[in-house]
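J.:
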Amino acid sequence: MRRLKMIRIAVSVLFLVASILYAVVGSPAVASLAADVQISLSLMSVSIGVTLFWVVATFFLGRVYCSSVCPLGTLIDGIIRLTRPGRARRSFAYRHARRFRFDVVLIYAVGIVFGIGVTTIMLEPWQVFRNLVGVWYPSQGEAIALHLGVGTVTGLICGIVSLLTIVITAYLRGRMWCNEICPIGICLSAVASRSQMRIEIDPDKCINCMKCEEGCKSECIKVVSRYVDNSRCVRCFSCISSCPNDAIRYQSGRNRVSTPMMKRVDSLS
Ligand code: SF4
Ligand code: SF4
Ligand code: SF4
Numbered sequence: 008m009r010r011l012k013m014i015r016i017a018v019s020v021l022f023l024v025a026s027i028l029y030a031v032v033g034s035p036a037v038a039s040l041a042a043d044v045q046i047s048l049s050l051m052s053v054s055i056g057v058t059l060f061w062v063v064a065t066f067f068l069g070r071v072y073c074s075s076v077c078p079l080g081t082l083i084d085g086i087i088r089l090t091r092p093g094r095a096r097r098s099f100a101y102r103h104a105r106r107f108r109f110d111v112v113l114i115y116a117v118g119i120v121f122g123i124g125v126t127t128i129m130l131e132p133w134q135v136f137r138n139l140v141g142v143w144y145p146s147q148g149e150a151i152a153l154h155l156g157v158g159t160v161t162g163l164i165c166g167i168v169s170l171l172t173i174v175i176t177a178y179l180r181g182r183m184w185c186n187e188i189c190p191i192g193i194c195l196s197a198v199a200s201r202s203q204m205r206i207e208i209d210p211d212k213c214i215n216c217m218k219c220e221e222g223c224k225s226e227c228i229k230v231v232s233r234y235v236d237n238s239r240c241v242r243c244f245s246c247i248s249s250c251p252n253d254a255i256r257y258q259s260g261r262n263r264v265s266t267p268m269m270k271r272v273d274s275l276s
């Protein structure tokens with residue numbers, strides 16, 4: 008099970024490299040595959056098959072799209088590694104999900120319906136990824152801006168704002184962008200909350216070392232309650248590889264909340 012993390016990293020790096028190639032040099036056959044499987048592009052081209060595939064995959068496996076296929080997610084992971092070296096990368100803690108996350112989805116939907124290019128360029132993960140590429144390759148940034156009809160100056164400003172927002176949120180809160188700002192991630196989280204394969208803590212094996220919670224960049228593990236919020240989990244599998252006792256697993260179905268600790272306290276009194 009510890010190999011899951013290595014496999015996930017290998018796949019995500021492949022998709023990131025292919026996506027960068029696609030964004031920078033156009034559409035050579037292999038690189039365009041990375042674009043063909045992106046949810047945002049499928050929605051924009053009204054080719055619903057790709058989106059449906061990822062909804063079904065999320066229902067069974069959780070947010071594997073966010074762990075391995077979306078290039079922006081992989082870039083955010085890279086920024087977390089760069090900005091939080093050593094111990095700092097293991098200093099996350101559980102936080103409650105923002106109460107009403109679907110406000111972003113509403114703004115995004117209104118932007119699409121009324122053709123407001125700025126909301127698309129600032130919120131849609133594929134466009135935000137291309138904004139970041141555009142900061143280094145201004146000609147690509149201009150191409151996106153023209154395509155969305157927002158003007159090159161606005162496009163450049165959006166690119167810089169995207170870069171700053173991504174870097175600051177990654178530094179402060181890990182995958183906060185993916186769980187509180189990205190409309191695609193927020194929609195997937197609604198499906199992932201009921202996913203069949205889940206990250207679960209085995210209450211009988213957990214020794215409260217906190218390694219999983221401190222290393223969870225989605226801030227979705229609460230060791231004290233033996234709880235993992237699978238809607239926000241981006242299936243990075245870091246928790247599994249860091250657990251010293253094989254107590255947190257990727258498995259089918261839920262573990263029941265345990266009460267043995269309470270019983271133990273009772274027996275001492
Ligand atoms: S939440 Fe959005 S930005 Fe993050 S990995 Fe998923 S699709 Fe990409
Ligand atoms: S619970 Fe956190 S650390 Fe574990 S796979 Fe999900 S996001 Fe990664
Ligand atoms: S890393 Fe494993 S043993 Fe440590 S708190 Fe998490 S589940 Fe428990």
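Remember, this note's numbering sits 7 above the position in the sequence shown when you count from 1. For every residue, glycine included, the Cβ atom is placed at its ideal position computed from N, Cα and C.
Can you give the Cα-Cα distance for A17 and I114, rounded to whole angstroms?
T.: Within the sequence shown, numbered from 1, the residue matching residue 17 stands at position 10. Within the sequence shown, numbered from 1, the residue matching residue 114 stands at position 107. Approximately 34 Å between the Cα atoms of the pair.
J.: Would a C-beta distance cut-off of 7 Å place V140 and Q147 closer than the cut-off?
T.: Translated into positions along the sequence shown, residue 140 becomes position 133. Translated into positions along the sequence shown, residue 147 becomes position 140. Yes, the pair counts as a contact, with Cβ atoms nearer than the cut-off.
J.: If you draw a straight line from the alpha carbon of Q258 to that of V235, how long is it in whole angstroms?
T.: Position 251 of the sequence shown holds residue 258. Position 228 of the sequence shown holds residue 235. Near 12 Å, if we compare the C-alpha coordinates of V235 and Q258.
J.: Using a Cβ-Cβ cut-off of 6 Å (strictly less than) and excluding sequence neighbours within five positions of C213, which residues of its own chain qualify?
T.: Numbered from 1 along the sequence shown, position 206 holds the residue referred to as residue 213. The answer, listed in chain order, is A254.
J.: Three-state secondary structure (DSSP) at M13?
T.: Locating residue 13 in the sequence shown gives position 6, counting from the first residue. Reduced to three states, the DSSP call for M13 is helix.
J.: Can R70 be considered in contact with ligand 2, in the sense that its beta carbon sits closer than 6 Å to one or more heavy atoms?
T.: Reading the sequence shown from its first residue, position 63 is the one you call residue 70. No; taking the cut-off as 6 Å, the Cβ of R70 has no heavy atom of ligand 2 nearer than that.
J.: For S2, which of helix, strand or coil comes out of DSSP?
T.: In this structure the chain extends from 8 to 276, so residue 2 is not present and cannot be described.
J.: Less than 7 Å between C-beta atoms, sequence neighbours within five positions excluded: which residues of the same chain meet that for Y29?
T.: Here residue 29 refers to the residue found at position 22 of the sequence shown. Once the five neighbours on either side are set aside, the close Cβ partners of Y29 are A38, S39, A41, A42.
J.: Do the CB positions of F99 and G181 come within less than 7 Å of each other?
T.: Within the sequence shown, numbered from 1, the residue matching residue 99 stands at position 92. Within the sequence shown, numbered from 1, the residue matching residue 181 stands at position 174. Closer than 7 Å, so yes.
J.: DSSP three-state call for V272: helix, strand or coil?
T.: Within the sequence shown, residue 272 is the residue found at index 265, counting from 1. Only weak support exists for where V272 lies, its pLDDT of 45 falling under 50; the value from the coordinates is given anyway. Correct three-state label for V272: helix.
J.: Among the residues of its own chain, which have a CB less than 6 Å from the CB of S45, if the five just before and after it don't count?
T.: As a first step, residue 45 must be located in the sequence shown, where it is residue number 38. The question names Ser, but residue 45 in the sequence shown is Gln. Only W133 meet the Cβ criterion.
J.: Per DSSP, which residues does Y257 bridge with? Please list them.
T.: Reading the sequence shown from its first residue, position 250 is the one you call residue 257. Paired residue(s): I206.
J.: For R106 and K224, what's the separation of their Cα atoms in angstroms?
T.: The count along the sequence shown starts at 1 and reaches residue 106 at position 99. The count along the sequence shown starts at 1 and reaches residue 224 at position 217. R106 and K224: Cα-Cα distance of roughly 19 Å.
J.: Please report the distance separating the alpha-carbon of S248 from that of L11.
T.: For the purposes of this step, residue 248 is taken as the residue at position 241 of the sequence shown. For the purposes of this step, residue 11 is taken as the residue at position 4 of the sequence shown. Between S248 and L11, the C-alpha separation is close to 8 Å.
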